[in-house]
Amino acid sequence: MGVTMDNTREIALHVEGLKKYFPIRRGIFQSHVGDVKAVDGVSFDVYKGETLGLVGESGCGKTTTGRTIIRLYEPTDGKVIFKGKDLAKLSSNEMRHMRKSMQMIFQDPYASLNPRMSVFGIVGEPLEVFQLANRQERRERVAELLELVGLNPDFMTRYPHEFSGGQRQRIGLARALALNPDLVVCDEPISALDVSIQAQVVNLLEDLQDKLGLTYVFIAHDLSMVRHISDRVAVMYLGKIVELTDRSTLYANPLHPYTQALLSAVPVPDPVIEEKRQRILLEGDLPSPANPPKGCNFNTRCPKAIDICHEVEPEMVEVQPNHFCACHLVKPVG
Amino acid sequence: MTNETKQTLVIDEEQFLPRREMSNLERWLGTDTYRALRGMVTNPTSIVGLVLLGLFLFIALAAPILAPPISSNPYQIPRDGYGSVPKPPGTLWNSRQPELPFWWKPIMGTDQWVHIMGTASGQWDIYYGVVWGTRTALQVGLLITFVGAAVGITIGAVSAYYGGWLDMVLMRITDIFMAFPFMLAAMTLSAVLTPVLGKGLFPPMIALMAFGWTGFARLLRSDILSVREREYVLAAQVIGVKDARILFRHILPNAIFPTLVLGSMRIGSYVITFAGLSFLGIGAEVGYADWGQLLSFARAWMTNLGEYWYIVIFPGVALVLFTLSWNLVGDALRDVLDPRMQGSR
Ligand SMILES: Nc1ncnc2c1ncn2[C@@H]1O[C@H](COP(=O)(O)OP(=O)(O)OP(=O)(O)O)[C@@H](O)[C@H]1O
Ligand SMILES: [Mg+2]
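Chains A and B, in that order, are what the protein sequence lines are.
Take any residue in the first sequence, note its place counting from 1, add 1407, and you have its number in the working numbering.
Take any residue in the second sequence, note its place counting from 1, add 213, and you have its number in the working numbering.
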């Protein structure tokens, strides 16, 4: 693919041509009648220590991308290179050990903690399953982790029902950090929280990134949420990445019509600019990933679509250094 | 730098306070179970069920005091002669009067032991049969349910956990078992088993177990499948928990409760089906303390039940109340637990 690398920085995660199709089965014989192409050829790099934001509207395949990277779902095709290994090819036991280095936090803090386990059981479980510590050591480590995420270590004996959403998300974070991972996939970790709590959790994530040198893939469904935390942003539409560049470039100079439409919906703090902000309204709904349109999959809603868009699928090209875009209307400069 | 970190980490105090304090009992039982149990002791239907159940439990435990056994086999109903015409409640014992229970004289002021509930044809003492029959009912109900649930839970769990063709095969087998009308299938199987195992409680019990596990398997399988998709199970996979531990630590504890509720509701219906088989003569030998068996004495007097009502009423009421108590408890459990299950049988 056309995604070349920035040689000056170390790559933590390299994703290439990743696909995840969910088979659609019908009838008594469960015959295979088609696929939901939830992720359909996604490529990107994540640099060490950075936060890559992954943005797109609901149903575009963000969660599936995150879960396939971490191999909660078996990839249909493509490569996920992490620590020099292609995760898609690891045996389940090798993958289990790889999980020490890559973790995930989930969207719904009310569903991601087992209601039958105490905080100690939940946060200490990774240490327990890899037999890294005896009970006493686990207790100390869990206390340390709870403090790290801003919770009182005395809460160890309590159960998930006793906590608020923000607190639960911190518990989930403590669990993810228990094994000292390098990479954390954050799947909309703040969308389910009150606005007042969101900022706290984002700040916590940033602090931990500085302290522990973490690399994040941060999934969100609108651009305003990732603006603060991301170093680079990938915009996803219907299972594909349409634009990928660093944050400031993306917000200042969005190239893909879809990115432009998304950005037009984000309020600008400057009143003068805000006054002139024009919303680009996208017509129609997100097409079904089981039956994506021919050519560019955005053509059904694109305000600028031309003939070629209905015929040929655009390639991802590096329009400017480190600015990738997949659109027939966007040509590389120089 | 460190200062800055401190800054952002300071969170309003409220964040540190847990939302809700839990009692230790609630911690130990888990919130769902605790809520269910609390619901049970505040819900009028379930209170009626629990009281009735307590009564039956008391009768079963106190059977040797309520009706002292006459022979070494306490389940053998004593008989007062061999006459074929039933005698009404209150008739004095003639011959072979059993030992008087100690509470009889202080209450009744006499040491004449009577047939409290009358006798059935063959002079079997109905009172004795009802009291010791409570034990039989509990034993039969609990054992059938226990074995049926154990088989069903195993099959449901294996099916849901391994999925694929094994799931397919096991579920088709379950369908086949469910396709038979329950009573008819149990009757046929116990009739087949009786010559092999001899007449007694086992043939109908085994037959009921053989056809009773299907509901448990279905229910648990579907609950496991739904719990398996919850994010905490995914989270466990992400932290590298092995499959067996995921099943036993994360999935089963969150999926098993509705199955246990189903079990409590099934106890009553198993006992009534078992009594039905006994009534038809498949099951306990004549003279064994078993409600269905007692009821079968009434078969010869169907046309004179106005006169010999006591042969039907006492064991019949015991059977109905017993079934009712389990159903009330099960219904209440189902309601406090899970609205999804409402309407399933
Ligand atoms: N297990 C699955 N089986 C079948 N289809 C699935 C499965 N998981 C997701 N999909 C489908 O794949 C597509 C992408 O879903 P995904 O959850 O990845 O989207 P998302 O971008 O995370 O959306 P949201 O913002 O709502 O979380 C959707 O059309 C969804 O219906
Ligand atoms: Mg999602």
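Glycine included, each C-beta is placed from N, C-alpha and C at the ideal position.
Note that the structure is predicted; figures quoted are calculated from it, not measured.
Beta bridge counterpart(s) of residue i as assigned by DSSP
i: Gly1460 of chain A; result: A:Phe1625, A:Val1640
i: Met1511 of chain A; result: A:Val1592
i: Ser1438 of chain A; result: A:Arg1433
i: Tyr501 of chain B; result: B:Gln289
i: His1730 of chain A; result: A:Gln1727
i: Trp337 of chain B; result: B:Arg292, B:Ala333
i: Leu305 of chain B; result: B:Val327
i: Lys1427 of chain A; result: A:Val1446
i: Gly1647 of chain A; result: What sits at residue 1647 of chain A in the sequence shown is Lys, not Gly. A:Tyr1644.
Residue environment, residue i, which counts as buried when at least 16 other CB atoms sit within 10 Å
i: Leu305 of chain B; result: exposed
i: Thr1472 of chain A; result: buried
i: Lys1427 of chain A; result: buried
i: Glu1718 of chain A; result: exposed
i: His1568 of chain A; result: buried
i: Met418 of chain B; result: buried
i: Gln1685 of chain A; result: exposed
i: Asn1704 of chain A; result: buried
i: Lys1444 of chain A; result: buried
i: Arg348 of chain B; result: buried
i: His1504 of chain A; result: exposed
i: Ser538 of chain B; result: buried
i: Gly428 of chain B; result: buried
i: Tyr375 of chain B; result: exposed
i: Val185 of chain B; result: Outside the displayed range of chain B (214 to 558) lies residue 185 of chain B, so it cannot be described from this structure.
i: His1663 of chain A; result: buried
i: Leu1645 of chain A; result: buried
i: Lys1372 of chain A; result: An answer regarding residue 1372 of chain A cannot be provided, because it is not within the stretch 1408 to 1741 covered by chain A.
i: Val264 of chain B; result: exposed
i: Glu1722 of chain A; result: exposed
i: Asp1561 of chain A; result: exposed
i: Ala511 of chain B; result: buried
i: Val1740 of chain A; result: exposed
Local conformation of residue i per DSSP, three classes
i: Tyr374 of chain B; result: helix
i: Ala398 of chain B; result: helix
i: Glu379 of chain B; result: Looking at the sequence shown, residue 379 of chain B is not Glu but Leu. Correct three-state label for Leu379 of chain B: helix.
i: Leu289 of chain B; result: One detail in the question is off: residue 289 of chain B reads as Gln in this sequence, not Leu. Looking at Gln289 of chain B - three-state DSSP - the assignment turns out to be strand.
i: Tyr1480 of chain A; result: coil
i: Phe487 of chain B; result: helix
i: Val210 of chain B; result: Nothing about residue 210 of chain B can be reported from this structure: the residues present for chain B run from 214 to 558 only.
i: Ala1419 of chain A; result: strand
i: Gln1538 of chain A; result: coil
i: Thr1707 of chain A; result: coil
i: Ser1695 of chain A; result: coil
i: Glu226 of chain B; result: Bear in mind that the predicted position of Glu226 of chain B carries a pLDDT of just 44, short of 50, making it unreliable; the figure below should be weighed with that in mind. Three-state DSSP puts Glu226 of chain B in a helix.
i: Ala1599 of chain A; result: coil
i: Val1675 of chain A; result: coil
i: Thr1652 of chain A; result: strand
i: Ser259 of chain B; result: helix
i: Thr218 of chain B; result: Low confidence applies to Thr218 of chain B: its pLDDT is 40, below 50, so where it sits in the model is not reliable, and the reading given next is rough at best. In this structure, Thr218 of chain B counts as helix in the three-state DSSP scheme.
i: Gly1468 of chain A; result: coil
i: Tyr523 of chain B; result: helix
i: Gly1491 of chain A; result: coil
i: Lys1486 of chain A; result: strand
i: Phe1451 of chain A; result: strand
i: Ser297 of chain B; result: coil
i: Gly322 of chain B; result: coil
i: Phe1570 of chain A; result: coil
i: Asn1559 of chain A; result: coil
i: Asn1521 of chain A; result: coil
i: Phe315 of chain B; result: coil
i: Phe470 of chain B; result: helix
i: Met554 of chain B; result: The predicted model places Met554 of chain B with a pLDDT of 43, which falls under 50 and marks its position as unreliable; any figure quoted below should be read in that light. Three-state result, Met554 of chain B: helix.
i: Tyr445 of chain B; result: helix
i: Gly439 of chain B; result: Checking the displayed sequence, the identity of residue 439 of chain B turns out to be Ser instead of Gly. Looking at Ser439 of chain B - three-state DSSP - the assignment turns out to be helix.
i: Lys1701 of chain A; result: coil
i: Ser1685 of chain A; result: It is worth fixing the name first, because residue 1685 of chain A is Gln in this sequence and not Ser. If DSSP states are grouped into helix, strand and coil, Gln1685 of chain A belongs with coil.
Expected contact under 8 Å - CB spacing of residue i and residue j to nearest Å
i: Leu414 of chain B; j: Val353 of chain B; result: 6 Å
i: Gly303 of chain B; j: Gln336 of chain B; result: Going by Cβ atoms, the distance from Gly303 of chain B to Gln336 of chain B rounds to 15 Å, so no, they are not a contact pair.
i: Ser372 of chain B; j: Met391 of chain B; result: With a Cβ gap of about 14 Å, Ser372 of chain B and Met391 of chain B do not count as contacting.
Beta carbon proximity, residue i to chain C, threshold 8 Å
i: Asn1541 of chain A; result: The structure shown contains no chain C; the protein chains it does contain are A and B.
Residues with C-beta closer than 6 Å to any heavy atom of ligand 1, in chain order
A:Phe1429, A:Val1443, A:Ala1445, A:Gly1463, A:Ser1465, A:Gly1466, A:Cys1467, A:Gly1468, A:Lys1469, A:Thr1470, A:Thr1471, A:His1628, A:Pro1696
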